[in-house]
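Residue numbers (my numbering): 2 to 106.
As structure tokens, then:
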């Protein structure tokens, strides 16, 4: 399964979503993708990572369920004009935490 990282994705039905990250179930250790819909109430959703990364058949053609549009560090992309994913260079996540020992205001 390709690594799924933060960024913007398009569902095969056309709507766009922003992946916030991947979380692990506390009991089963299964990975889930945490994402926000970029329409309507912009609700938060989760989906098993294996399902997020799978292909579906539409009119007899295999296409990615979600195709990466851009954003931070994901290798989950769709090659233009096909249903196949190709890898992109991995980017290190940005450190957004304050330095150790610093005080938050």
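We put the beta carbon where it would ideally sit given N, CA and C, even for glycine. Note that the structure is predicted; figures quoted are calculated from it, not measured.
Under 9 Å between the Cβ atoms of residue i and residue j?
i	j	result
residue 6	residue 20	yes
residue 15	residue 34	no
residue 61	residue 8	no
residue 28	residue 50	no
How would you label residue i, buried or exposed, when you count the other beta carbons within 10 angstroms and need 16 or more for buried?
i	result
residue 54	buried
If I'm right that residue i touches residue j with Cβ under 8 Å, what's the distance once you round it to whole angstroms?
i	j	result
residue 13	residue 36	With 8 Å as the limit, residue 13 and residue 36 do not qualify as a contact, their Cβ atoms being about 15 Å apart.
residue 66	residue 57	5 Å
residue 11	residue 68	5 Å
Inset, instruction - Run through the region 8-58 for me and flag every whole beta strand (DSSP E) of 3 or more residues, listed as ranges in chain order. - result: 8-12, 17-25, 32-38 and 45-49
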